[in-house]
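Visitor:
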Amino acid sequence: MNLSTPSQENIEFMIEDLKKKLQLVNSGLIQGDDYTVDQYDDIKELYDMVMKMPGFSVRDMEGIVSELGSLKKK
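With full-length UniProt numbering applied, the sequence shown corresponds to residues 1 to 74, in that order.
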């Protein structure tokens, strides 16, 4: 998948990938359609960072989930 092009489909792909990588228990709380293409760069930056991390502390996960929550459309 070419993630260099901002699109809703790419956002949904990245959100699903993030949920898998983070192994979220309540993954239903975060959905790709909660985000808009206007937030694409922020989501892509978070996605790139998370995908490079070999593991996560509880604090890391809380920070990542908090950031995803703050990016949700209002």
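We put the beta carbon where it would ideally sit given N, CA and C, even for glycine. Since the model is a prediction, treat every value here as computed from it, not as a measurement.
(1) Whose C-alpha, out of Met51, Gln39, Ser4, is nearest the C-alpha of Lys73?
(2) Work out the CA separation of Asp33 and Ile15 for me, nearest whole Å.
(3) Would you be able to state if there are at least three C-beta pairs under 8 Å between the segment 4–12 and the segment 40–56?
(4) Please report the residue range of the alpha helix (DSSP H) in which Asn10 lies.
(5) Name the two residues that bound the continuous alpha helix (DSSP H) containing Ser70.
Guide: Result, derived from the coordinates:
(1) On the sequence shown, residue 73 is found 73 positions in, with the first residue counted as 1. Considering only alpha carbons, the answer is Gln39.
(2) On the sequence shown, residue 15 is found 15 positions in, with the first residue counted as 1. On the sequence shown, residue 33 is found 33 positions in, with the first residue counted as 1. Put simply, the backbone Cα of Ile15 is about 9 Å away from that of Asp33.
(3) Contact holds: three or more Cβ-Cβ distances are below 8 Å.
(4) Position 10 of the sequence shown, counting from 1, holds the residue named residue 10. Bounds of the alpha helix (DSSP H) holding Asn10 are 8–22.
(5) Start at 1 with the first residue of the sequence shown, and residue 70 comes out as number 70. Annotation for Ser70: the continuous alpha helix (DSSP H) segment containing it runs 58–71.
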